[in-house]
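**Q** This is the structure, below, for whatever I ask next.
2 protein chains.
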Amino acid sequence: MRDFSADHRWLSINTATVRRSQGQDLPLPRILDLCAARGIGAVSPWRDQVQAAGLQATARQLRELGLSLSGYCRGGMFPAADAAGLQAAHEDNLRALEEAVTLGAPCLVLVVGGLPGALAGRAAHKDIAGARAQVHEGIARLLEPARAAGMPLAIEPLHPMYAADRACINTLAQALDVCDALDPARSGALGVAVDVYHVWWDPQLQAQIARAGRERLLAFHVCDWLTPTRDLLNDRGMMGDGVIDIPRIRGWVEAQGYAGYSEVEIFSTQDWWLRDAAEVLDTCIARHRSAV
Amino acid sequence: MRDFSADHRWLSINTATVRRSQGQDLPLPRILDLCAARGIGAVSPWRDQVQAAGLQATARQLRELGLSLSGYCRGGMFPAADAAGLQAAHEDNLRALEEAVTLGAPCLVLVVGGLPGALAGRAAHKDIAGARAQVHEGIARLLEPARAAGMPLAIEPLHPMYAADRACINTLAQALDVCDALDPARSGALGVAVDVYHVWWDPQLQAQIARAGRERLLAFHVCDWLTPTRDLLNDRGMMGDGVIDIPRIRGWVEAQGYAGYSEVEIFSTQDWWLRDAAEVLDTCIARHRSAV
């Protein structure tokens, strides 16, 4: 297992972590500058932030700053209530693929979606098995364009508390079932993003990480689970402030040969987004060394 | 599958559902009267409510009203930071067993506990595998007294969002692994409580219900998953108001031969606990017929 205590060369910042600074929106160009100024080597930006800053301008700034990407957030959201919705989701995913290529991302992260309409509070139906089938079909359809673009797809299992509205793939086992069905050759075109926040509770975690193996482990995300957790979406903790044994899980991932970035992804309305982004980034660096 | 549309003979009310009425605490004796007045045949009371009302007085009132129990809430909370804590938990569980016997409960529901101290926001450690081992040992130790008392133990897998602080058994598969290890003969002394709120998301749900079989299916709890869910603990929905396909899950349970009560358990700070308990109970009856 790599020693993170002496430097932060393997730290990546998911840009949502400093999406807000002192309660105000922080534009992506400023986030990238703040990261580069701290010797942070990689980021994982969100599509809405890239769109606001401009795709080509962002690609240029990344190059100028020498920043790598650890992923691109995000494609997915496959299920829909009708054929037009499925087609719209596919086309949006094709655009996400192109953006990921332009930005030089190593993978496109897939948050696969849940019951159609549920995110807006009006689920079209209650058939989660049907939604899962649409996810399977949607990934199958996206895989060929992704291969052609040379852009690996990283399915991110989300915590079961998001099964209804954000992602109906909720365990690593489920994600790997899709990988095995669609890419049995383990070509590297399809894999998983392991975010400790989503999977730390899973009694099968170690075994499923081993099942994934090096070819399927495309990204590793960290933050922490707070007790109490005050909000289902936006109360993630800084590494070390919660109950997740992050080094243990990183050890399992690295035992498979994973040697990429450890990406910090924190959504925190009531705490970290209220602080100054510089303080948040400095804390990420410190905790990457001490708690990851 | 039984037809619930014509009557509510198989409806049970978990008394937490009307723990508060119009924002005020509602004493258990009043809850029991309100249930009996509506022809509700069973309840599942909580220990704190029973303690406040008196154990013998509650047993007497239940008899006088002709109310059955669908379970007793709850034993468990096995993990502890030291031997004294483990022993205290065991002794408390022995008292819960006795109370369950006195009240004529068909089973003692076990919410097994998480990381010691996490419920108070100060987890003693991050070793969830260790906590799970303590749960296994705790249930093993409780099983003999439970057999002697003729009181089945029903392990309730809780949603993974409670893994840290309330229960580190988070899937039916995990609960059944414990059952298989400790009661391989399927004697009926050890089984599971299936609460749709906790397990609806699980892609293995149908298969694990079949694995449980009639001998292990000791209780069936219903409410609904709301989108959005505004609080991790106390924002459960009334059946029919959320995204859970309850009849489908009940069908799977009944296909195994389960023919017991369907117990409504709703914690709802912002909605149902603010309403009048009579309205809540009437709604439970209506939704039991239409949405369960």
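Residue numbers (the numbering used here), protein chains in the order written: chain Y, 742 to 1033; chain X, 742 to 1033.
No residue lacks a Cβ here, since even glycine has one placed at the ideal position from N, Cα and C.
List the whole-angstrom C-beta distance separating Y:P988 from Y:L931, where the pair is believed to meet the contact cut-off of C-beta under 8 Å.
**A** In fact, because the Cβ distance is near 28 Å, the residues do not count as touching under 8 Å.
**Q** Considering only DSSP beta bridges, list what X:L810 is partnered with.
**A** For X:L810, which the question treats as bridged, DSSP gives the partners X:V784.
**Q** Alpha helix (DSSP H) containing Y:S1031: first to last residue?
**A** Segment A1018 to A1032, the alpha helix (DSSP H) holding Y:S1031.
**Q** On the DSSP bridge assignment, give the partners of X:I754 in chain order.
**A** Paired residues: X:V784 and X:V1005.
**Q** With a cut-off of 8 Å, do at least 3 Cβ pairs link the segment 848-857 of chain Y to the segment 809-820 of chain Y?
**A** Verdict: yes, contact present.
**Q** Which residues, in order along the segment 967-979 of chain X, keep a beta-carbon less than 7 Å from a beta-carbon of chain Y?
**A** Against chain Y - using a Cβ distance shorter than 7 Å - the residues of the segment 967-979 of chain X are T968, P969, T970 and L973.
**Q** By the criterion of Cβ-Cβ separation under 8 Å, what are the contact partners of X:L796 in chain Y?
**A** Under the 8 Å cutoff, chain Y gives no residues; its nearest Cβ is about 31 Å from X:L796.
**Q** Alpha carbon to alpha carbon, what distance is there between X:A953 and X:S1031?
**A** Distance between the alpha carbons of X:S1031 and X:A953: 27 Å.
**Q** Is there a C-beta anywhere in chain X that falls below 8 Å from the one on Y:D906?
**A** Yes, Y:D906 lies at the interface with chain X (some Cβ there is under 8 Å from its Cβ).
**Q** Pick out the complete beta strand (DSSP E) segments inside the segment 843-872 of chain X, 3 residues or longer, and give them in chain order.
**A** Runs of the beta strand (DSSP E) inside the segment 843-872 of chain X: 849-852.
**Q** Which chain X residues are close to Y:G862, counting only those with a beta carbon under 9 Å from its beta carbon?
**A** In chain order: L967, T968 and P969.
**Q** Buried or exposed: where does X:D744 fall if 16 or more other Cβ atoms within 10 Å of its Cβ makes it buried?
**A** Exposed is the call here.
**Q** So that I know if they touch, is there some Cβ in chain Y lying closer than 8 Å to that of X:I944?
**A** Rather than Ile, the amino acid found at residue 944 of chain X in this sequence is Pro. Yes, its Cβ sits closer than 8 Å to a Cβ of chain Y.
**Q** List the whole-angstrom C-beta distance separating Y:I772 from Y:L752, where the pair is believed to meet the contact cut-off of C-beta under 8 Å.
**A** About 14 Å separates the two Cβ atoms, so there is no contact after all.
**Q** Considering just the uninterrupted stretch of the alpha helix (DSSP H) at X:A916, what are its terminal residues?
**A** Residues L913 to L923.
**Q** Taking only beta-carbon positions, decide if Y:I985 is within less than 8 Å of chain X.
**A** Yes, Y:I985 counts as interfacial toward chain X.
**Q** Measure the C-alpha to C-alpha separation of Y:T799 and Y:C848 and round it to an integer number of angstroms.
**A** The alpha-carbon atoms of Y:T799 and Y:C848 are separated by roughly 17 Å.
**Q** Compare the C-beta of Y:A859 with all C-beta atoms of chain X and state if any pair is closer than 8 Å.
**A** Taking Cβ atoms only, chain X reaches closer than 8 Å to Y:A859, which makes this a yes.
**Q** So, are the CB atoms of X:G929 and X:A960 less than 8 Å apart?
**A** No. Outside cutoff.
**Q** Mind the definition here: the segment 865-872 of chain X touches the segment 799-814 of chain X only if three or more C-beta pairs lie below 8 Å; say whether that holds.
**A** At 8 Å Cβ cutoff, the stretches do not touch.
**Q** Against Y:D868, what residues of chain X qualify as contacts under a CB-to-CB distance less than 8 Å, listed in chain order?
**A** Those are D986, listed as they occur along chain X.
**Q** Using a C-beta cutoff of 8 Å, does Y:Q1011 count as contacting chain X?
**A** Answer no: the Cβ-Cβ gap between Y:Q1011 and chain X never drops below 8 Å.
**Q** Under a Cβ-count criterion, where at least 16 other Cβ atoms within 10 Å of its own Cβ denotes burial, should X:L974 be classed as buried or exposed?
**A** Exposed, since its Cβ has fewer than 16 Cβ neighbours within 10 Å.
**Q** By the 7 Å beta-carbon criterion, what residues does the segment 831-860 of chain X contribute toward chain Y?
**A** Answer in chain order: L856 and A859.
**Q** Quick one: Cα of Y:V1005 to Cα of Y:C814, how far?
**A** Rounded to whole angstroms, Y:V1005 to Y:C814 spans 13 Å at the Cα level.
**Q** Counting only the same chain and skipping the five closest in sequence on each side, list residues whose C-beta sits under 7 Å from that of Y:E956.
**A** Counting only Cβ-Cβ distances below 7 Å, and skipping sequence neighbours, we find R927, G929 and G932.
**Q** For the segment 889-922 of chain Y, list every residue whose C-beta sits within 7 Å of some C-beta in chain X, in sequence order.
**A** Taking 7 Å as the Cβ-Cβ cut-off against chain X, the residues of the segment 889-922 of chain Y that qualify are H900, P901, M902, A904, A905, D906, N911 and Q915.
**Q** Between Y:R873 and chain X, is any beta-carbon pair separated by less than 8 Å?
**A** Yes - at least one Cβ of chain X is within 8 Å of the one on Y:R873.
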